[in-house]
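In this note's numbering, the protein residues as written are 1 to 98.
In structure tokens form, the structure reads like this:
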């Protein structure tokens, strides 16, 4: 027994809300500001530099702590710095429109 009362009627060629089934986006009244390619490229490089530096600082802190060169407080400070570098990189990535 097939229950057809719960099926929606199919209309070929028509979708409920736009071409892909979602609601159509509104056109903004303001044009998108022109972005400099040089600035975008600089922000990309800065983002990568911050991420790689943060990762390297974290590795350095853990290795120096394992070798007992740094005490707990000093290694914690380096880990906090590496975390802040990674957060800065993430902040740049979220704001950017590459």
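Glycine residues also receive a C-beta, built at the ideal position from the N, C-alpha and C atoms.
Source: prediction; values computed, not measured.
In this structure, residue 79 lies away from residue 47, with their beta-carbon atoms at least 9 angstroms apart. Boundaries of the alpha helix (DSSP H) around residue 81: 72–95. The straight-line gap separating the alpha-carbon atoms of residue 50 and residue 97 is approximately 18 angstroms. As the crow flies, the alpha-carbon of residue 89 is around 9 angstroms from that of residue 54. In this structure, residue 61 and residue 82 form a Cβ contact; the two beta carbons are roughly 7 angstroms apart against a cut-off of 8 angstroms. For residue 69, there is no enclosing alpha helix (DSSP H), since its DSSP letter is neither H nor E.
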